[in-house]
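In the numbering used here, the protein residues as written are 131 to 263.
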């Protein structure tokens, strides 16, 4: 398998990643065959996984919108995963201009893609870290 330009050299693309499996369930394109195969195997036991993950993202957007509407202006997204439509910073900053958002993830693909998405946004950033350590 050829390594895409967006994939950091430090990752083994033959080993599945939770962030990239989640990306696959959401219909994203930042995943590899190992991730897709692991996702399909999981769906054999839980066929509704893609819909569950999509519902989770929809809830995230509603919760952030509600919090921003209530006056919350700082958001910390731990285990943020690979950015997709309706990210925390997009929802929060559309509801409350100037809202500040920090994403935290340990997956190098999620961090690299977040950095690219957030470039030029002074009120949002990403940190490569593992909450467990």
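Just so you know, even glycine gets a beta-carbon here, dropped at the ideal spot from N, CA and C.
Remember, predicted model here, so these are calculated numbers, not experimental data.
What residues in its chain sit with their C-beta under 6 Å from that of residue 205, if we drop five residues either side in the sequence?
Only 218, 222 and 231 meet the Cβ criterion.
With a floor of 4 residues, list each alpha helix (DSSP H) that falls wholly inside the region 222 to 253, ordered by position along the chain.
Listed in chain order, the alpha helix (DSSP H) elements of length 4 or more contained wholly in the region 222 to 253 are 238 to 248.
Measuring straight from C-alpha to C-alpha, what distance separates residue 238 and residue 166?
Looking at the two C-alpha atoms, the distance is approximately 18 Å.
How about residue 225 and residue 188: do their beta carbons lie closer than 8 Å?
8 Å or more divides the Cβ of residue 225 from the Cβ of residue 188.
Where does residue 118 land, buried or exposed, given buried means 16+ other C-beta within 10 angstroms?
For residue 118 there is no data in the structure shown, the boundaries of the chain being 131 and 263.
Please name the residue in 260, 241, 186 and 196 whose C-alpha comes closest to that of residue 156.
Here the closest residue by C-alpha is 186.
For residue 215, which of helix, strand or coil comes out of DSSP?
Note: residue 215 maps to coil in three-state DSSP.
Start-to-end residues for the beta strand (DSSP E) that takes in residue 206
Element bounds for residue 206: 204 to 208.
List the DSSP bridge partners of residue 256.
The partner list for residue 256 (beta bridge, DSSP) reads 233.
Since residue 253 contacts residue 228 with CB under 8 Å, what's their CB separation in whole angstroms?
Contact holds; Cβ gap of about 6 Å.
I'd like to check one pair, residue 168 with residue 143: are the Cβ atoms closer than 8 Å?
It is not a contact, given that the beta carbons lie outside the stated cut-off.
List in chain order: all unbroken alpha helix (DSSP H) runs of 4+ residues lying wholly within the region 139 to 205.
Within the region 139 to 205, the complete alpha helix (DSSP H) runs of at least 4 residues are 148 to 155, 163 to 175 and 179 to 199.
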